Amino acid sequence: MIVLIGFMGAGKTTVGQLLAGRLGLPFADADIVIADRAGIPVPQIFAERGEPAFRELEQETIASLLTGPRLVLALGGGAVEHEQTRRILKAAEHTIYLHVRYEAALDRVGGDDGRPMLRRPDLAEVYRRRLVSYSDVATLTIDTEGRAPELVCTDIVRHLAGSPAAR
Ligand code: S3P
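To get this note's numbering, take the position in the sequence shown, counting from 1, and add 32.
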């Protein structure tokens with residue numbers, strides 16, 4: 033399993049799709065699977081059921097995806113907020129943290145209605161808190177600053193080629 037984590041706007045979905053293509057593995061975006069399971073889009077889950085309910089659904093979805101066939105999996109930026117998710121990420125084969133500075137993240141996603149977390153007045157604090165969790169669970173950290181997704185993907189492929197046989 034190759035899991036991509038990082039804040040909103042880090043490029044997890046873009047890099048994940050490229051990476052899956054390069055490795056010949058399927059790609060999944062946890063948010064899309066969550067929305068499929070819930071039968072409503074992610075912003076609607078936040079609006080109608082609240083963030084804690086979304087986090088539970090997110091945790092269950094990630095846990096089940098990680099016990100399925102090998103794939104490249106992009107997680108939502110807040111997945112690491114859940115203790116159980118942090119635990120399974122630490123046990124995963126490769127958990128790759130795509131680092132993006134707060135200001136760069138906002139530049140990339142700013143004004144996106146599909147991201148309810150952008151309305152949080154304490155978003156900078158949320159970002160700081162998550163940095164600790166991302167670093168804690170990651171087996172590899174990659175800086176995405178000013179770098180094209182193809183280059184980020186190449187860095188990951190190189191790292192994977194040099195790491196021990198897949199579990
Ligand atoms: C969230 C990030 C989103 C999505 C949801 C919550 C967060 O995913 O899971 O809106 O808490 O940071 P992306 O990181 O793919 O935008």
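Even for Gly, the Cβ is constructed at its ideal location relative to N, Cα and C.
It should be emphasised that the depicted structure is a prediction, and the values quoted were computed from it without experimental measurement.
**Request:** Report the option in Asp145, His114 and Leu55 whose CA atom is closest to the CA atom of Leu105.
**Result:** In the sequence shown, the residue the question calls residue 105 occupies position 73. Of the candidates Asp145, His114 and Leu55, Leu55 places its Cα closest to the Cα of Leu105.
**Item:** Where the alpha helix (DSSP H) containing Thr171 begins and where it ends
**Value:** Taking the sequence shown and counting its residues from 1, one reaches residue 171 at position 139. Per DSSP, Thr171 belongs to no alpha helix (DSSP H) and is neither H nor E.
**Residues near Tyr129 by beta carbon distance below 6 Å, same chain, minus five either side** = Walking along the sequence shown from the start, residue 129 turns up at place 97. Non-local beta-carbon contacts of Tyr129 in its own chain, meaning distances under 6 Å to residues more than five positions away in sequence, involve Ile37, Gly38, Tyr166, Ala170 and Thr173 in chain order.
**Prompt:** Along the chain, which unbroken stretches of the alpha helix (DSSP H) at least 4 residues long are found entirely within the segment 81 to 158?
**Reply:** List check, alpha helix (DSSP H) in window: 83 to 97, 115 to 123 and 134 to 141.
**Message:** I want to check one thing, is the minimum distance from the CB of Pro148 to the heavy atoms of ligand 1 below 7 Å?
**Reply:** Indexing the sequence shown from 1 puts residue 148 at position 116. Answer for Pro148: yes, Cβ within range of ligand 1.
**Message:** Helix, strand or coil for Ala180? Go by DSSP, reduced to three states.
**Reply:** Locating residue 180 in the sequence shown gives position 148, counting from the first residue. Three-state result, Ala180: coil.
**Message:** Would Glu182 and Ile34 be called neighbours here (beta carbons separated by less than 8 Å)?
**Reply:** Within the sequence shown, the letter at position 150 stands for residue 182. Within the sequence shown, the letter at position 2 stands for residue 34. Inclusion of Glu182 and Ile34 in the CB contact set at 8 Å is not warranted, their separation being larger than that value.
**Message:** What I want to know is whether the C-beta of Val74 ends up closer than 7 Å to one or more non-hydrogen atoms of ligand 1.
**Reply:** Numbered from 1 along the sequence shown, position 42 holds the residue referred to as residue 74. With a cutoff of 7 Å, Val74 counts as near ligand 1, since its C-beta is closer than that to a heavy atom of the ligand.
**Request:** Classify Val72 as helix, strand or coil using the three-state DSSP reduction.
**Result:** Reading the sequence shown from its first residue, position 40 is the one you call residue 72. One detail in the question is off: residue 72 reads as Ile in this sequence, not Val. Annotated three-state conformation of Ile72 is coil, per DSSP.
**Proximity to Arg69 [Cα-Cα], best of His114, Gln91 and Ala136** = Residue numbering aside, residue 69 sits at position 37 when the sequence shown is read from its first letter. Comparing alpha carbon positions, the residue from His114, Gln91 and Ala136 closest to Arg69 is Gln91.
**Item:** Exposure of Lys44, with buried meaning 16 or more beta-carbon neighbours within 10 Å
**Value:** In the sequence shown, counting from the first residue as 1, residue 44 sits at position 12. By the beta-carbon neighbour count (other beta carbons within 10 angstroms, threshold 16), Lys44 is buried.
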